[in-house]
Amino acid sequence: MSHRRAILGLASAAVLVTLLSGCTAFYWSKAGATPEQFISDSQECAKEAAPTPTYDVMIQDVYRGCLKKRGYVRSKQYQPVAPGYFRGIE
């Protein structure tokens with residue numbers, strides 16, 4: 003019986019760790035920013051970060067730096083994400 007309890011305890015711990023780890027991704031936030039404002043800022047930063055007019059290649063550091071200059075903060079968030087967090091080009 004104690005062997006069965008030990009296995010059950012380990013299985014429960016594994017499930018708990020999986021649930022607590024959750025699904026995370028990086029999001030951008032800025033106090034008072036609307037989704038429309040973020041989309042506009044993100045598109046402008048993507049243009050700035052693209053070395054060619056086709057935008058098929060983008061320099062991530064330039065894109066992220068541009069959003070930071072505009073006051074956005076990048077942070078890892080658990081899903082579902084609270085209002086005020088926006089998914090950028092990753």
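Okay, so the sequence shown: first residue is 3 according to the working numbering, each after it adds one.
Cβ coordinates follow ideal geometry from the N, Cα and C atoms, glycine included.
Backbone secondary structure at A84 - three-state DSSP: Position 82 of the sequence shown, counted from the first residue, corresponds to residue 84. In the structure shown, A84 sits in coil (DSSP, three-state: anything other than H, G, I, E or B).
C-alpha gap between P82 and P53, whole angstroms: Residue mapping note: residue 82 aligns to position 80 of the sequence shown, counting from 1. Residue mapping note: residue 53 aligns to position 51 of the sequence shown, counting from 1. Going from the Cα of P82 to the Cα of P53 covers about 34 Å.
Own chain residues within Cβ distance below 8 Å of Q79, not counting five before or after: The residue you call residue 79 lines up with position 77 of the sequence shown. T26, A27, F28, Y29, Y87, listed in sequence order.
Buried or exposed by the 16-neighbour rule on C-beta atoms within 10 Å, applied to R66: To locate residue 66, count along the sequence shown from 1; it is residue 64. Flag for R66 reads buried.
For Y29, the first and last residue of its enclosing beta strand (DSSP E): Walking along the sequence shown from the start, residue 29 turns up at place 27. Looking at the DSSP string, the run of the beta strand (DSSP E) that includes Y29 is 26-31.
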